[in-house]
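K.L.:
Chains as they are written, first to last, in the numbering used here: chain S, 12 to 553; chain X, 1452 to 1686.
1. Measure from the C-beta of residue 304 of chain S to each C-beta in chain X and report whether the shortest distance is under 9 angstroms.
2. Using the C-alpha atoms, what's the distance from residue 254 of chain S back to residue 1643 of chain X?
3. Less than 9 angstroms between the C-beta atoms of residue 180 of chain S and residue 100 of chain S, yes or no?
4. Examine chain S for any beta-carbon lying closer than 9 angstroms to the beta-carbon of residue 1515 of chain X, and answer yes or no.
5. Would you kindly work out how many angstroms separate the C-alpha atoms of residue 16 of chain S and residue 507 of chain S, rounded to a whole number?
6. Would residue 1633 of chain X pass as an interface residue toward chain S - the criterion being a Cβ-Cβ separation below 9 angstroms?
7. Which residues of chain S have a Cβ atom closer than 9 angstroms to the Cβ of residue 1602 of chain X, listed in chain order?
8. Compare the C-beta of residue 1544 of chain X against all C-beta atoms of chain S and say whether one is closer than 9 angstroms.
9. Does DSSP classify residue 338 of chain S as helix, strand or coil?
10. Please report the Cβ distance between residue 505 of chain S and residue 521 of chain S, rounded to the nearest whole angstrom; I am assuming they are in contact, meaning their Cβ atoms lie under 8 angstroms.
11. In chain order, what residues of the same chain lie with their CB nearer than 6 angstroms to the CB of residue 208 of chain S, ignoring the 5 residues before and after it?
12. Have a look at residue 74 of chain S and residue 67 of chain S and give me their C-alpha separation to the nearest angstrom.
13. For a contact defined as C-beta to C-beta under 8 angstroms, what are the partners of residue 242 of chain S on chain X?
14. If you check the beta carbons only, do residue 382 of chain S and residue 402 of chain S fall under 9 angstroms apart?
15. Over the uninterrupted alpha helix (DSSP H) stretch that includes residue 1474 of chain X, give me the two end residues.
16. In angstroms with no decimal places, state the Cα-to-Cα distance between residue 12 of chain S and residue 289 of chain S.
17. Three or more C-beta pairs under 8 angstroms: does that hold for the stretch 1602-1621 of chain X against the stretch 1517-1528 of chain X?
18. Helix, strand or coil: which one does DSSP assign to residue 460 of chain S?
19. Flag this pair as yes or no: are the beta carbons of residue 211 of chain S and residue 192 of chain S separated by less than 9 angstroms?
20. Taking the Cβ atom as the reference point for each residue, do residue 1665 of chain X and residue 1549 of chain X lie within a distance shorter than 9 angstroms?
21. Just by C-beta distance, which residues in the stretch 1491-1503 of chain X are closer than 9 angstroms to chain A?
22. Using the rule of at least 16 other Cβ atoms within 10 Å of the residue's Cβ for burial, across every protein chain shown, is residue 553 of chain S buried or exposed?
23. So with CB distances below 7 angstroms, who are the chain S contacts of residue 1489 of chain X?
24. Fully enclosed by the stretch 1570-1633 of chain X, which alpha helix (DSSP H) runs are 4 residues long or longer?
25. Using the Cβ count rule (16 or more neighbours within 10 Å means buried), how would you classify residue 365 of chain S?
26. Whole alpha helix (DSSP H) runs in the stretch 262-310 of chain S with 4 or more residues, listed along the chain?
27. Terminal residues of the continuous alpha helix (DSSP H) containing residue 1669 of chain X?
28. Could you name the residues of the stretch 518-533 of chain S whose beta carbon sits closer than 7 angstroms to any beta carbon of chain X, in the order they occur along the chain?
29. Return the chain-ordered list of same chain residues with a C-beta closer than 6 angstroms to the C-beta of residue 1598 of chain X, the five sequence neighbours on each side being excluded.
30. Can you give me, in chain order, the residues of the stretch 1651-1679 of chain X that have a beta carbon less than 8 angstroms from any beta carbon in chain S?
31. Please confirm whether residue 222 of chain S and residue 158 of chain S have their CB atoms less than 9 angstroms apart.
32. Can you name the residues of chain X whose CB is closer than 8 angstroms to the CB of residue 221 of chain S?
33. Across the stretch 105-114 of chain S and the stretch 429-438 of chain S, are there enough close Cβ pairs to call them in contact, namely three or more that are closer than 8 angstroms?
34. Could you check the C-alpha separation between residue 89 of chain S and residue 233 of chain S for me, to the nearest Å?
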């Protein structure tokens, strides 16, 4: 299975030189790296917006920035983090790099389309930056009508157009991955021999392809409504603002799973490889991704319990929302069962996986609170919601992304980071994250509304705690950036397969050669059949 | 380009190599299959995008049934019908073009593509006539809608405008406008295929681009098949 490393052959980084060789590249690995750089840059920007918000919230009065600036900041924080960071983070950056490698393919099915989707992403991002400069966007990332169509500043058009363009990038990436997974699997790689990361990327791509076009048309209608007042969403013109919310959440709730499913995929890899145990419940994990993808299209109404939809709709959406918990729980239990009696290595990727299990479970369970109709009426638009989705988006996706980055870093760049520094980083992130967000559940329950610029003095202590946590997070991420960058230049050379993993991406040179493999790899085992597993115990996983 | 020759055993015509095979595919059949699957997924995204508009249409129709009924009388059923026939004919010539490519008939491939282009152009001409007719009677999208001029125009045809007709015409312009953009894109990609056909790129072994453009064109036709009755033939 393993191809021999030909040290004399240049890797994908050194095969071609010069700026143009990057700008015109169709190599999925280089495109993945360009996405990675862009995503990390925007993550820094979005993080600094958040730090500004948290600093303002140190005191109950508004004293550092104006209320308008505050509104712009949280809009930018949300929009940048959702559209520019989390959605492309795992699929476009890590997925682009590793999907073909894990499949044993030379590239994605449509390499030029892949490059195109990167450039579409870049153009969409520039539109977002334009709103930054013109600075008139204060609608929140949801662009709710009629505020967005009549009252908010003109940047609504450029921001939504930016999101519209970004949507196409997302669609094209999803399309590319679906076709790649269907058509480019190496001989012997059946669907049930695919690494679970690929299953989750597949499920994600299906949602991207089916949901994002609806967002595209929604944003197009919003732009047209804003510029021509055709009267679909704007009540002053005879339109229905709740219709906008239906349209928006029909995309944006599935989008939540676009954001979290790839994280699930990473955790499946980390948990199995770093505990040296065959993944528990392979098919259950794989198919639960697909189940989540399907259910995700049927729950959008739980964002609108207090928006004036019918009570019956509320009850149905509430019930369907609970249904998401089933496949999600199947995953979490399978990961825990995988760890059980495994040879757990407490290295950096594993620490992030454990952190994920802890924080994501809190995020998922509090989602059930919010899915319950009566509880949601009390908690709607409070800090409880803020805490919940940060536990899922950040405690879930971002933690998994950072864990995956550490897991695959040696393969991507051929260098090892310092394990000791990595563990310190994971600790800082874990402490900082929980300090920032855990007490926001309490704050929200006590009645602190989200998006407020000032607050009652009784909440100050908890806000201070939260802000200090945010600073710790900032230090943690800067620390990670520091040691990872250092490792690029001074880190010891990585072996081809430092974790002794089985999946194909580890069975080629490190960093990989330009065409990924010497010859066509063939697959004979499933990706979690680690050589040291004692197979005489007769536990048959299939 | 190294291992596609050995990667497969005895192969059907599908897998025979051709000059346009890309290096990352093992066989020509794999490439053609990928292209076709990609196209079908793309078509699914198109359908979902238009479905948003159709939903908006149905909600509007549900909220304001009389308004939709009275407004639609101002659309020209004759031109709409002509355009339906034109697009259906273009779908036929497109299907024939794909067939010609598959059997390697270069002459008819080009002729059919040119015919398709001609029909597509005709559709846009009719659409321009319709739009300018609407504009000349004050029927503009959204807040540019001139209610008095439109009502006068309706009265001269024995109809009465009711409610908020700007919503219906707003939807009309958005739906047919987006469809029109798709026709223009279709003209672009059919021209691209025609240029390649002129260079003799297509034949029995390699016709995936013709087929995919054909699929796209049929979808554009299909969307119109739904737009025409929903907008022009409301009753």
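Backbone N, C-alpha and C fix where the C-beta goes; we use that ideal spot for every residue, glycine too. It should be emphasised that the depicted structure is a prediction, and the values quoted were computed from it without experimental measurement.
P.N.:
On the basis of the supplied data:
1. Working through the first chain from its first residue, we reach residue 304 of chain S at position 293. False, the Cβ-Cβ gap to chain X never drops below 9 angstroms.
2. Sequence index remark: in the second chain, residue 1643 of chain X carries index 192 (1-based). Sequence index remark: in the first chain, residue 254 of chain S carries index 243 (1-based). In a straight line, the C-alpha of residue 1643 of chain X is about 40 angstroms away from that of residue 254 of chain S.
3. As a working mapping, residue 180 of chain S is identified with position 169 in the first chain. As a working mapping, residue 100 of chain S is identified with position 89 in the first chain. Result no, Cβ atoms of residue 180 of chain S and residue 100 of chain S do not sit closer than 9 angstroms.
4. Indexing the second chain from 1 puts residue 1515 of chain X at position 64. With 9 angstroms as the cut-off, residue 1515 of chain X counts as an interface residue toward chain S.
5. On the first chain, residue 16 of chain S is found 5 positions in, with the first residue counted as 1. On the first chain, residue 507 of chain S is found 496 positions in, with the first residue counted as 1. Any reading at residue 16 of chain S needs caution, since the residue's pLDDT is 48, under 50, leaving its predicted position unreliable; the model's value is listed next. Near 8 angstroms, if we compare the C-alpha coordinates of residue 507 of chain S and residue 16 of chain S.
6. Within the second chain, residue 1633 of chain X is the residue found at index 182, counting from 1. No, its Cβ sits nowhere closer than 9 angstroms to a Cβ of chain S.
7. Here residue 1602 of chain X refers to the residue found at position 151 when the second chain is read from its first residue. Neighbours of residue 1602 of chain X on chain S: none; closest Cβ ~16 angstroms, over 9 angstroms.
8. As a first step, residue 1544 of chain X is located in the second chain; it is residue number 93 there, counting from the start. No, residue 1544 of chain X lies away from the interface with chain S (no Cβ there is under 9 angstroms from its Cβ).
9. Numbered from its first residue, the first chain carries residue 338 of chain S at position 327. It is helical.
10. Position 494 of the first chain, counting from 1, holds the residue named residue 505 of chain S. Position 510 of the first chain, counting from 1, holds the residue named residue 521 of chain S. So it is a contact: roughly 5 angstroms between Cβ atoms.
11. Walking along the first chain from the start, residue 208 of chain S turns up at place 197. Cβ neighbours of residue 208 of chain S beyond the five flanking positions: 276 and 280.
12. Here the question's residue 74 of chain S lines up with position 63 in the first chain. Here the question's residue 67 of chain S lines up with position 56 in the first chain. Each residue's alpha carbon lies about 7 angstroms from the other.
13. In the first chain, residue 242 of chain S corresponds to position 231, counting from 1. What residue 242 of chain S touches in chain X: 1593, 1615, 1617, 1618 and 1621.
14. By one-based count along the first chain, residue 382 of chain S stands at place 371. By one-based count along the first chain, residue 402 of chain S stands at place 391. Not in contact: residue 382 of chain S and residue 402 of chain S (Cβ atoms no closer than 9 angstroms).
15. Counting from 1 along the second chain, the entry for residue 1474 of chain X is found at position 23. Careful: residue 1474 of chain X lies outside any alpha helix (DSSP H) and carries neither H nor E.
16. To locate residue 12 of chain S, count along the first chain from 1; it is residue 1. To locate residue 289 of chain S, count along the first chain from 1; it is residue 278. Annotation note: pLDDT 41 at residue 12 of chain S (below 50); position unreliable, coordinate value reported separately. When rounded, the separation of the alpha-carbon atoms in residue 12 of chain S and residue 289 of chain S is 19 angstroms.
17. yes
18. The residue you call residue 460 of chain S lines up with position 449 of the first chain. Three-state result, residue 460 of chain S: strand.
19. Here the question's residue 211 of chain S lines up with position 200 in the first chain. Here the question's residue 192 of chain S lines up with position 181 in the first chain. Result no, Cβ atoms of residue 211 of chain S and residue 192 of chain S do not sit closer than 9 angstroms.
20. As a working note, residue 1665 of chain X is residue 214 in the second chain. As a working note, residue 1549 of chain X is residue 98 in the second chain. Contact flag set, yes.
21. Looking at the structure shown, chain A is missing, and the protein chains on hand are S and X.
22. Here residue 553 of chain S corresponds to residue number 542 of the first chain, with the count starting at 1. Confidence is the limiting factor: at residue 553 of chain S the pLDDT is only 47, short of 50, which leaves the residue's position unreliable, though a coordinate-based value still follows. The residue is exposed, with fewer than 16 neighbouring Cβ atoms inside 10 Å.
23. For this step, residue 1489 of chain X is matched to residue 38 along the second chain. Those within 7 angstroms of residue 1489 of chain X in chain S are 120, 121, 186 and 190.
24. 1598-1607
25. As a first step, residue 365 of chain S is located in the first chain; it is residue number 354 there, counting from the start. It is buried - the Cβ of residue 365 of chain S has at least 16 other Cβ atoms within 10 Å.
26. 293-306
27. Sequence index remark: in the second chain, residue 1669 of chain X carries index 218 (1-based). 1659-1678 is the extent of the alpha helix (DSSP H) around residue 1669 of chain X.
28. Under the 7 angstroms Cβ criterion, the stretch 518-533 of chain S contributes 530 and 531.
29. Here residue 1598 of chain X refers to the residue found at position 147 when the second chain is read from its first residue. The answer is none, since no qualifying residue turns up.
30. none
31. Start at 1 with the first residue of the first chain, and residue 222 of chain S comes out as number 211. Start at 1 with the first residue of the first chain, and residue 158 of chain S comes out as number 147. Not closer than 9 angstroms, so no.
32. As a first step, residue 221 of chain S must be located in the first chain, where it is residue number 210. Within chain X, the residues near residue 221 of chain S are 1495, 1496 and 1499.
33. no
34. Taking the first chain and counting its residues from 1, the one referred to as residue 89 of chain S is at position 78. Taking the first chain and counting its residues from 1, the one referred to as residue 233 of chain S is at position 222. Looking at the two C-alpha atoms, the distance is approximately 19 angstroms.
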